[in-house]
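Heads up: the sequence lines are chains A and B, in that order. Mind the numbering: the first sequence is residues 29 to 332 in the working numbering, read in order. Mind the numbering: the second sequence is residues -12 to 312 in the working numbering, read in order. C-beta: ideal position from N, C-alpha, C; glycine also. This structure is a prediction, so every number in the text was calculated from the model and none was measured. Shown next, in structure tokens, is the structure this report addresses.
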Amino acid sequence: MSAAPNPISLRVTGRGRRRLLVNRIAEVLAALAAFSALLVLGILVWSVFSRGVGALNLAFFMKGPAIFGETGGGVAPALVGSLVLVGIATAMALPFGVLSAIFVSEFAPKPIGQQVRLWLDVLNGFPSIVIGIFVFALCVKVSLPIVGWGHHQSAFAGGFALAVIMLPLIARATMEVLTLVPDDLREASYALGVSKWQTVLRVVLPTAFGGILTGTTLAIARAAGETAPLLFTSSLAGQVTDWNPTHPVASIPFLIFQYSEAPDENLHQQAWAMAFVLITFVLLTSLAARYLLERSRRKLGAPR
Amino acid sequence: MEAASLSAPEGLPRTRRTADRIGDKFLYGLTAIAALVGFLVLVAIVWRVADGAWPAIKVFKLGFLWHNTWNPVTSRFGARDLIIGTLVTSFGAVLLAAPLSIAIGLFLSELAPMSIRGPIGTLIEMLAAVPSVVVGLWGIYVLAPFDAQHLQPLLGHLLGWIPIFAHGGDKVESTVFSAMLVLTIMIIPITSSICRELFIGVPAELEEGAVGLGATRWEMVRTVVIPTVRGGVVAAVILGLGRALGEAIAVTQVIGNFTPLKLSIFEPGDTLASRTANQYQGAVSNIQVASLIYLALILLVITFLANFTAQRVVKRFEFQRIGGD
Chain A
29 MSAAPNPISL RVTGRGRRRL LVNRIAEVLA ALAAFSALLV LGILVWSVFS RGVGALNLAF
89 FMKGPAIFGE TGGGVAPALV GSLVLVGIAT AMALPFGVLS AIFVSEFAPK PIGQQVRLWL
149 DVLNGFPSIV IGIFVFALCV KVSLPIVGWG HHQSAFAGGF ALAVIMLPLI ARATMEVLTL
209 VPDDLREASY ALGVSKWQTV LRVVLPTAFG GILTGTTLAI ARAAGETAPL LFTSSLAGQV
269 TDWNPTHPVA SIPFLIFQYS EAPDENLHQQ AWAMAFVLIT FVLLTSLAAR YLLERSRRKL
329 GAPR
Chain B
-12 MEAASLSAPE GLPRTRRTAD RIGDKFLYGL TAIAALVGFL VLVAIVWRVA DGAWPAIKVF
48 KLGFLWHNTW NPVTSRFGAR DLIIGTLVTS FGAVLLAAPL SIAIGLFLSE LAPMSIRGPI
108 GTLIEMLAAV PSVVVGLWGI YVLAPFDAQH LQPLLGHLLG WIPIFAHGGD KVESTVFSAM
168 LVLTIMIIPI TSSICRELFI GVPAELEEGA VGLGATRWEM VRTVVIPTVR GGVVAAVILG
228 LGRALGEAIA VTQVIGNFTP LKLSIFEPGD TLASRTANQY QGAVSNIQVA SLIYLALILL
288 VITFLANFTA QRVVKRFEFQ RIGGD
């Protein structure tokens, strides 16, 4: 644009060429950054797949661990244990999460609603190991006068720790869908003379049901992979399948952790196989949940 | 209506049925209690952790923060190197992750062809869904060996004259540097997806204005996009930092769990969270348990400060943006 020697020429020269070069370099670097993140994901998934898939067989899912030194064996107790733990956690976190979301979006005055959001964000920011230590200090270390809770590790304690992690996730996801429910629906319901609680239960919740479900699924996927909260609350498990929630139970993530540091090649293989099962579960549920969430958003007419 | 003293005529329904009056109050109360439970859990966490750490606080006082023994035999415990290790690994990870995340955010919001933005964004976010124990397992058997064989000798060769990059020549797999890399991988999806949202939110007329004045795409990003959302980017990075500070499992799997800390990052180390995680079955005495909980308390305070700062930055940033409009 400056005083070029030949005013008619449109060729980019000198400064302009340097600017285009810098621009090109920046573009390539940004693309490389994204590509390297994808590469890491690819390598990670491929390592888990290639090392884990070999150890997968029926015995892996049906049997308990092999006797020390022998090969074979499976992780059935850990599968059952994970199921018990996540089941307990969901049963605890789901009602409280959904109800507190209803409180914030339907009942609470704005400043109080913002306070609740803030607490949930703070809770969400707590490291999961701290939550494990909290449950340990609350009901493993000391005795509580509730049957099956006091003074020792248990699936209840582990499930409770996972519930603390799930609560803010479920609550925030539910709040998000509840705000997407169009006010027209609520007003139409009021105009028909329906009271508020009936409106919430019969109009708002059913409309938001899909979103709540996907939010819960995402929270379950997260909780199923958490190890840190279980270290102090449900790690001293036996070798057999145990459905009793007052006993500590084995779990997939904890067993991966334990086996990964074991000096036995057979256990390493099992750790990879468990990682494969876990990662498949988590990635598939997350992808499915995201897809459903996108769909229910579109159905509720959210922008984008 | 005008005569409240008159009784309502028989046979006319009252405007609000009793069930509805009770129902409204009941649901209000129930949901309020549920919301309160969230708050109570928050308070309980702080209270129980502080209370559990109390025996150690009473014995070691604040000196715990700058003492460095961890000796179950003599019951002397201190956290100095663990605090340093936590800060070094987390800040190192953030230093690596922040530019990468911003670049990824830019790629996904400004650069990539429309049709691949969605899928690539989803894939990168999937990286966040990988459980930390799996990242740690991969860290032990894939990343750390690669790191020890190739990356660390190379960096030691190039930067070895700076003491923190000094490389002893041994191929050590469990190192502070490996932990940094693992943490970097774990926080990139979080920070990059926030960055992407921020960049998408930059008003198109601002960007078009810059391009209209003859700016190249990079110049537009540098002079318009990034300055507009600077506060948000800082907050995103601090949120990533909070995540890195508290990560226990993946770090404990690759860092080597060793104190006293060495000066070089190509040596084993330890962090608050990883020490806590690592001792889950080894704590014998009451004072050792209390010391572990003390570690968790310190971690709680540090992560709370980080998240609180991020919130403040976001708030100030939002305020500015509203004020500017």
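Best match in the options for proximity to residue i [C-alpha to C-alpha]
i               : options                           : result
P42 of chain B  : B:L284, B:T290 and B:F295         : B:L284
A316 of chain A : B:A116, B:G243 and B:A153         : B:A116
F154 of chain A : A:P196, A:V144 and A:F131         : A:P196
I91 of chain B  : B:F13, B:G50, B:T296 and B:E112   : B:E112
P257 of chain A : B:A222, B:D157 and B:G233         : B:G233
L16 of chain A  : A:S314, A:W271, A:A290 and A:E134 : Outside the shown range of chain A (29 to 332) lies residue 16 of chain A, about which nothing can therefore be said.
S217 of chain A : A:T235, A:W74 and A:E204          : A:T235
G186 of chain A : A:T261, A:L107, A:Q298 and A:V73  : A:T261
T171 of chain B : B:L146, B:A231 and B:L130         : B:A231
T137 of chain A : B:A19, B:L29, B:K45 and B:F186    : Before going further, note that residue 137 of chain A is Pro rather than Thr in the sequence given. Looking at the Cα atoms, B:A19 is the closest of the given residues.
G126 of chain B : B:P247, B:L82, B:V238 and B:I44   : B:V238
A199 of chain A : A:E254, A:R79, A:G102 and A:S128  : A:S128
L168 of chain B : B:A80, B:P106 and B:F94           : B:A80
V189 of chain B : B:A260, B:M207 and B:L226         : B:M207
L229 of chain A : B:G10, B:C182 and B:I225          : B:G10
A183 of chain A : A:S110, A:F131 and A:L146         : A:S110
L98 of chain B  : A:I53, A:G115, A:D149 and A:A301  : A:I53
T290 of chain B : A:I157, A:G44, A:F124 and A:R214  : A:I157
F253 of chain B : B:L74, B:V288 and B:D134          : B:D134
Q266 of chain B : B:A21, B:V159 and B:A235          : B:A235
G256 of chain B : B:P247, B:A264 and B:T263         : B:P247
V221 of chain B : B:I181, B:T61 and B:V241          : B:I181
Residue i - DSSP class collapsed to helix/strand/coil
i               : result
G65 of chain B  : coil
W300 of chain A : helix
N294 of chain B : helix
P93 of chain A  : strand
N58 of chain B  : strand
G109 of chain A : helix
G101 of chain A : strand
D270 of chain A : coil
H137 of chain B : helix
Y15 of chain B  : helix
V117 of chain B : coil
W53 of chain B  : coil
G176 of chain A : With a pLDDT of 48 at G176 of chain A, under the threshold of 50, the predicted position of this residue should be treated as unreliable, though the coordinate-derived value follows. Looking at G176 of chain A - three-state DSSP - the assignment turns out to be coil, as it is neither helix nor strand.
G155 of chain B : coil
D212 of chain A : helix
H144 of chain B : helix
D7 of chain B   : helix
R39 of chain A  : coil
V238 of chain B : helix
N51 of chain A  : helix
I181 of chain B : helix
N273 of chain B : helix
N335 of chain A : With chain A running from 29 to 332 in the structure shown, residue 335 of chain A is simply not present.
E254 of chain B : coil
K327 of chain A : helix
P176 of chain B : helix
Any non-hydrogen atom of the ligand NAP within 7 Å of residue i CB
i               : result
V126 of chain A : What this structure holds is no ligand at all, so the ligand NAP is not there to describe.
Rounded Cβ spacing between residue i and residue j (contact assumed at less than 8 Å)
i               : j               : result
P93 of chain A  : T269 of chain A : The Cβ separation is near 11 Å, so there is no contact.
L228 of chain B : S88 of chain B  : No, L228 of chain B and S88 of chain B are not in contact; Cβ-Cβ is about 12 Å, not under 8 Å.
T210 of chain B : A191 of chain B : With a Cβ gap of about 16 Å, T210 of chain B and A191 of chain B do not count as contacting.
G266 of chain A : L321 of chain A : The Cβ separation is near 39 Å, so there is no contact.
L130 of chain B : I175 of chain B : The pair is not a contact, with the Cβ atoms about 14 Å apart (cut-off 8 Å).
L259 of chain B : I70 of chain B  : 6 Å
V126 of chain A : T245 of chain A : Contact doesn't hold; Cβ gap of about 14 Å is too wide.
Where the alpha helix (DSSP H) through residue i begins and ends
i               : result
A99 of chain B  : Where A99 of chain B is concerned, there is no enclosing alpha helix (DSSP H), given that its DSSP letter is neither H nor E.
F138 of chain A : Checking the sequence shown, residue 138 of chain A turns out to be Lys, not Phe. K138 to G153 is the span of the alpha helix (DSSP H), which, as asked, contains K138 of chain A.
K224 of chain A : K224 to T227
F135 of chain A : Run containing F135 of chain A: none; DSSP gives neither H nor E here.
C167 of chain A : Looking at the DSSP string, C167 of chain A is not in any alpha helix (DSSP H), and its letter there is neither H nor E.
E206 of chain B : R204 to M207
T162 of chain B : Premise fails: T162 of chain B is in no alpha helix (DSSP H) and is neither H nor E.
Q268 of chain B : From DSSP, Q268 of chain B is part of no alpha helix (DSSP H); its letter is neither H nor E.
I280 of chain A : I280 to S288
T245 of chain A : L233 to A252
R230 of chain B : R217 to G233
- Query: For the region 118 to 128 of chain B against the region 280 to 297 of chain A, are there 3 or more C-beta pairs whose distance is under 8 Å?
  - Reply: Contact holds: three or more Cβ-Cβ distances are below 8 Å.
- Query: Does the region 29 to 37 of chain B come close enough to the region 160 to 169 of chain A that 3 or more CB-CB pairs lie under 8 Å?
  - Reply: Yes, the region 160 to 169 of chain A is in contact with the region 29 to 37 of chain B.
- Could you tell me whether the region 51 to 58 of chain B touches the region 140 to 147 of chain B, using the rule of 3 or more Cβ pairs below 8 Å? Fewer than three Cβ pairs drawn from the region 51 to 58 of chain B and the region 140 to 147 of chain B lie within less than 8 Å of each other, which leaves the two stretches out of contact.
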